[in-house]
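Encoded as structure tokens, the structure appears first; notes follow it.
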Amino acid sequence: MMQRIATPKKEKAKRTQERTEITRQKLLDAATHLFAYRGYDGVTVRDIEKSADVHRGLVAYHFADKDSLWRAVADACFGQMRGKIDQRFVILKELSKEEQLATIVRFYVHFSASHPEVSALVSQEATTKSWRIQHLIDGHIRPACIAMETLANQTLGLDREDFVHWYYILISASSTLFYFAPECELLFNVESRTDAVVERHAEILVKLLVRNASAFN
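Residue numbering for the sequence shown follows the UniProt record's numbering, beginning at 1 and increasing consecutively.
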């Protein structure tokens, strides 16, 4: 069988595509960090290009404008979360309702430890009504929240009023320890993102929010 030999033209096109993908990812990575820790209004397009170490004008080339780049960052962050949750769906269906809820709590802790920039990004936007927080809610947060509320109602008997408190305790408690990692290390001499600390934190939250949730009844 004859082996196909790539032509110089095809090789050049392939290298160009690879460079394009690398540049796009560099911009996404740089923008994720800057938007998460400096906020949308605290970042310029040029800041992002400098941080990504790319030429001026490449944000416009790859993403059109700053708004579109922010949306791409948000969708990539939550898409990564959604992908990891989807991987667990098959296992979740085989568990009891209580174990499903416990697994979700553990997931939020582990994801927050691995990706503190996602919590930081939401924290930047959640204090002000804007098109950005609306984008996060409509496209990502609300669908997950509805599913979680249904499960919390079935498992713990929580109505909407109580679920609001349960939800924000989960969101805050699952992320603050890792978002505040420098403070934790200076205050307690504890590296919060080690496997042992993350696992211990997850189990404590499961006990508080799932096993012993009588405070909400």
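We put the CB at the ideal spot given by N, CA and C, even for glycine.
Reference residue i, options the options, closest by Cα
i, options, result
"residue 220", "ASP162, PRO116 and VAL90", "Past the boundaries of the shown model lies residue 220; the chain is included only from 1 to 217, so the question cannot be answered."
"GLU49", "GLY39, LYS26, ARG71 and ARG106", "LYS26"
"SER119", "SER96, SER214, TYR168 and VAL164", "TYR168"
"GLU21", "SER51, TYR61, SER214 and PRO8", "TYR61"
"ARG24", "GLU11, SER68, ARG132 and ASP41", "SER68"
"GLU98", "ASP65, ASN153 and THR128", "ASN153"
"CYS77", "ALA147, LYS66, SER114 and ALA52", "SER114"
DSSP-derived helix/strand/coil call for residue i
i, result
"ASN153", "helix"
"GLU94", "coil"
"ASP159", "coil"
"THR23", "helix"
"PHE180", "coil"
"GLY39", "coil"
"VAL198", "helix"
"HIS110", "helix"
Contact check, residue i vs residue j, beta carbons under 8 Å
i, j, result
"SER192", "ALA202", "no"
"residue 218", "ILE85", "Residue 218 lies beyond the range of the chain shown here (1 to 217); nothing can be said about it."
"residue 222", "ALA31", "As displayed, the chain neither begins before 1 nor continues past 217, which places residue 222 out of reach and without an answer."
"GLY39", "GLN124", "yes"
"VAL45", "LEU34", "no"
"LEU170", "VAL105", "yes"
"ILE110", "VAL198", "Residue identity differs from the one stated: residue 110 is His in this sequence, not Ile. Result yes, Cβ atoms of HIS110 and VAL198 sit closer than 8 Å."
"LEU151", "GLN87", "no"
"VAL210", "ALA144", "no"
"LEU208", "SER174", "no"
"HIS135", "ARG71", "yes"
The alpha helix (DSSP H) enclosing residue i, as first and last residue numbers
i, result
"SER51", "45-52"
"LEU121", "116-125"
"LEU208", "No alpha helix (DSSP H) contains LEU208, which DSSP labels as neither H nor E."
"VAL59", "58-63"
"ILE133", "131-136"
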